[in-house]
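So the structure is just underneath, and the comments pick up after that.
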Amino acid sequence: MSFLYPEVLYFILPIVLVLFGFLLTQKDAESHFFSDEVMSKLRVNSNGLSIQVRNTLFFLSTLFIVISLSGPVIDNGTIEIKSKSADIMVALDISDSMLGEDVYPNRLKASKQKMIDLLEITSSQRIGVIAFAKNSYLVSPLSFDHSAVRFLVKQLSTDSITEKGTDFLSILNVVDSSIESESKKYLLLFSDGGDKDDFSKEIAFAKENNIVVFIIGMGTKKGSPIKLKDGSFIKQNGAIIISKLNENIAQLATKTGGVYIQGVNATDDIKVMMKEIERISEKKELKSEEIQNFIPLFYYPLGLAIFILLIATSSSPTKKFSKLFSFLFLLAIFISSQDAHAGFLDFLELDDAQKAYNNGEFEKSQQLYGEYAKTTKNAQSYYNEGNALYKQGKFKEAIGSYEKAVFDDDRSRAKKYANIGNSYVKEQSEDSLQKAQDSYEKSLKFNEDKDTRENLEA
Numbered sequence: 000m001s002f003l004y005p006e007v008l009y010f011i012l013p014i015v016l017v018l019f020g021f022l023l024t025q026k027d028a029e030s031h032f033f034s035d036e037v038m039s040k041l042r043v044n045s046n047g048l049s050i051q052v053r054n055t056l057f058f059l060s061t062l063f064i065v066i067s068l069s070g071p072v073i074d075n076g077t078i079e080i081k082s083k084s085a086d087i088m089v090a091l092d093i094s095d096s097m098l099g100e101d102v103y104p105n106r107l108k109a110s111k112q113k114m115i116d117l118l119e120i121t122s123s124q125r126i127g128v129i130a131f132a133k134n135s136y137l138v139s140p141l142s143f144d145h146s147a148v149r150f151l152v153k154q155l156s157t158d159s160i161t162e163k164g165t166d167f168l169s170i171l172n173v174v175d176s177s178i179e180s181e182s183k184k185y186l187l188l189f190s191d192g193g194d195k196d197d198f199s200k201e202i203a204f205a206k207e208n209n210i211v212v213f214i215i216g217m218g219t220k221k222g223s224p225i226k227l228k229d230g231s232f233i234k235q236n237g238a239i240i241i242s243k244l245n246e247n248i249a250q251l252a253t254k255t256g257g258v259y260i261q262g263v264n265a266t267d268d269i270k271v272m273m274k275e276i277e278r279i280s281e282k283k284e285l286k287s288e289e290i291q292n293f294i295p296l297f298y299y300p301l302g303l304a305i306f307i308l309l310i311a312t313s314s315s316p317t318k319k320f321s322k323l324f325s326f327l328f329l330l331a332i333f334i335s336s337q338d339a340h341a342g343f344l345d346f347l348e349l350d351d352a353q354k355a356y357n358n359g360e361f362e363k364s365q366q367l368y369g370e371y372a373k374t375t376k377n378a379q380s381y382y383n384e385g386n387a388l389y390k391q392g393k394f395k396e397a398i399g400s401y402e403k404a405v406f407d408d409d410r411s412r413a414k415k416y417a418n419i420g421n422s423y424v425k426e427q428s429e430d431s432l433q434k435a436q437d438s439y440e441k442s443l444k445f446n447e448d449k450d451t452r453e454n455l456e457a
């Protein structure tokens with residue numbers, strides 16, 4: 000057993016000991032004026048708790064509260080926490096054609112709002128931003144800091160790039176140089192498609208460099224004139240240009256393995272697109288961290304402290320207390336003899352089982368976990384018993400223990416089925432490999448894990 004907050008014991012416990020030590024050694028004020036013989040005659044025998052006894056009970060109650068605050072726990076091994084993300088580069092077309100007002104309030108402002116909505120939806124993904132027209136530049140590298148990315152997106156305008164036109168090949172070059180990965184790279188594009196009909200070069204480059212392109216087309220087939228800041232419209236040969244959505248850009252998405260969606264005024268297009276990206280993308284593991292798993296015990300000393308405090312503050316005679324305490328003691332014995340969920344000193348048994356496992360005494364650990372599991376039907380104990388049996392090479396028995404472990408959370412269920420799969424592989428019976436495959440597939444349904452996926456492929 001250990002303590003999560005031992006500093007509570009170091010700093011508060013000495014103060015409690017000193018204060019109550021001083022209190023318990025003090026005599027009653029009357030004793031300074033009267034002898035013990037006189038005081039015994041003056042006192043009325045109430046058959047209740049004396050001040051000295053009450054102070055002792057207060058001391059014990061405070062002592063157990065301090066122990067509870069220090070966070071007593073049992074070390075129950077470690078849990079591996081993995082952080083996974085499908086890195087997404089988002090590119091925004093900031094050419095003049097994005098000032099078209101066939102999408103409210105205009106294509107550019109609507110695209111920026113959709114990008115902000117995207118940042119709110121994808122809190123667990125790394126997002127990078129590229130702005131492009133004739134040339135492209137990296138606004139933000141891949142980052143989990145969505146608030147900073149959101150600020151940069153809001154500052155983008157058609158004035159950010161002075162050269163006119165739209166070059167999609169330059170975007171793909173930026174994506175390729177920004178994501179250092181041999182696996183697939185994902186680009187989400189907000190654009191009206193420019194005025195290009197053939198995207199064969201862009202498609203070839205994307206395929207060669209493993210870039211999957213997703214596109215939300217901003218604009219309509221009807222189109223609109225492009226209104227400049229001074230109120231005038233862009234003209235060519237004296238005629239006002241009507242900029243329309245170029246749906247040929249859909250080829251760039253569909254032929255690179257991505258998805259094309261025409262933008263709408265609501266956020267439905269963003270939600271649908273994110274579902275498609277999550278379905279297609281391969282999330283990669285960014286970091287893996289092991290954290291300690293503890294069984295908390297604070298409620299034992301806390302419950303005892305409350306019970307003692309109730310006795311100390313009660314005015315019942317000592318005889319009634321004696322009967323009440325006897326009744327509670329017998330009740331505790333009766334409950335502990337039943338199939339209770341956890342006994343008062345179960346943590347000692349679990350601590351011994353974990354220590355035996357860590358020391359390589361797998362048979363002893365299996366026996367202790369097994370006895371506790373039979374009594375309490377505790378899922379974690381069945382699981383730990385299975386681990387100890389697995390270490391002994393008793394794979395069939397291990398499978399039986401794993402199957403008895405019924406967990407509520409997906410991560411624990413995934414670990415359980417992954418270990419069942421490992422046991423079937425080791426068992427090497429006639430149909431064990433098929434059963435192992437089934438177990439690995441069940442595990443991956445609950446939680447995607449790199450090691451389990453590799454075992455399934457093997």
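Take 0 as the starting number for the sequence shown in numbering that gives the first Met the number 0 and just add one per residue. The beta-carbon is built from N, C-alpha and C at its ideal position, and this holds for glycine as well. None of the values given here were measured: they were computed from a predicted structure.
Taking 7 Å as the cut-off, is the C-beta of residue 383 nearer than that to any heavy atom in the ligand MN? The ligand content of the structure shown is nil, which means the ligand MN is not present either.
Within 8 Å, do at least three Cβ pairs link the segment 130-146 to the segment 61-71? no
Quick check on the DSSP output: the alpha helix (DSSP H) that includes residue 146 runs from which residue to which? For the purposes of this step, residue 146 is identified with residue 147 of the sequence shown, where counting begins at 1. Where residue 146 is concerned, the enclosing alpha helix (DSSP H) stretches over 145-153.
Suppose you measure from the CA of residue 387 to the CA of residue 410; what does that come to, to the nearest Å? Indexing the sequence shown from 1 puts residue 387 at position 388. Indexing the sequence shown from 1 puts residue 410 at position 411. Going from the Cα of residue 387 to the Cα of residue 410 covers about 20 Å.
Taking 8 Å as the cut-off, does the segment 138-154 touch the segment 55-62 (at least 3 CB pairs, one atom from each stretch)? no
Is the Cβ-Cβ distance between residue 149 and residue 186 less than 8 Å? Residue numbering aside, residue 149 sits at position 150 when the sequence shown is read from its first letter. Residue numbering aside, residue 186 sits at position 187 when the sequence shown is read from its first letter. No. Outside cutoff.
Kindly provide the ranges of any alpha helix (DSSP H) runs that are 4 or more residues long and lie completely inside the segment 174-251, ordered along the chain. 199-207
So is residue 362 buried or exposed if we call it buried at 16+ other beta carbons inside 10 Å? Locating residue 362 in the sequence shown gives position 363, counting from the first residue. The residue is exposed, with fewer than 16 neighbouring Cβ atoms inside 10 Å.
For residue 261, name the three-state secondary structure that DSSP assigns. The residue given as residue 261 occupies position 262 in the sequence shown. Note: residue 261 maps to strand in three-state DSSP.
Whole angstroms are fine: how far does the CA of residue 127 sit from the CA of residue 176? For the purposes of this step, residue 176 is taken as the residue at position 177 of the sequence shown. For the purposes of this step, residue 127 is taken as the residue at position 128 of the sequence shown. Near 12 Å, if we compare the C-alpha coordinates of residue 127 and residue 176.
Which first and last residues belong to the alpha helix (DSSP H) in which residue 401 is found? What you label residue 401 is simply residue 402 of the sequence shown in a count that begins at 1. Residues 394-403.
DSSP on residue 416, reduced to helix/strand/coil? The count along the sequence shown starts at 1 and reaches residue 416 at position 417. It is helical.
Which residue wins for smallest C-alpha separation from residue 111, given the options 124, 122 and 129? By 1-based counting over the sequence shown, the position of residue 111 is 112. Of the listed residues, the one whose Cα sits closest to residue 111 is 129.
Using only the alpha-carbon positions, how far apart do residue 260 and residue 3 sit? Working through the sequence shown from its first residue, we reach residue 260 at position 261. Working through the sequence shown from its first residue, we reach residue 3 at position 4. Distance between the alpha carbons of residue 260 and residue 3 is about 52 Å.
For residue 98, which residues of its own chain have a beta-carbon under 8 Å away from its beta-carbon, when the five flanking residues on both sides are left out? Locating residue 98 in the sequence shown gives position 99, counting from the first residue. Only 105, 106, 107, 157, 225, 226 and 227 meet the Cβ criterion.
At which residues does the alpha helix (DSSP H) containing residue 156 begin and terminate? In the sequence shown, residue 156 corresponds to position 157, counting from 1. No alpha helix (DSSP H) contains residue 156, which DSSP labels as neither H nor E.
By how many angstroms is the C-alpha of residue 222 removed from the C-alpha of residue 229? Mapped onto the sequence shown, residue 229 falls at position 230. Mapped onto the sequence shown, residue 222 falls at position 223. Roughly 21 Å separates the two Cα atoms.
Residue 212 and residue 244: beta carbons closer than 8 Å? Numbered from 1 along the sequence shown, position 213 holds the residue referred to as residue 212. Numbered from 1 along the sequence shown, position 245 holds the residue referred to as residue 244. In this structure, residue 244 does not lie closer than 8 Å to residue 212 by Cβ.
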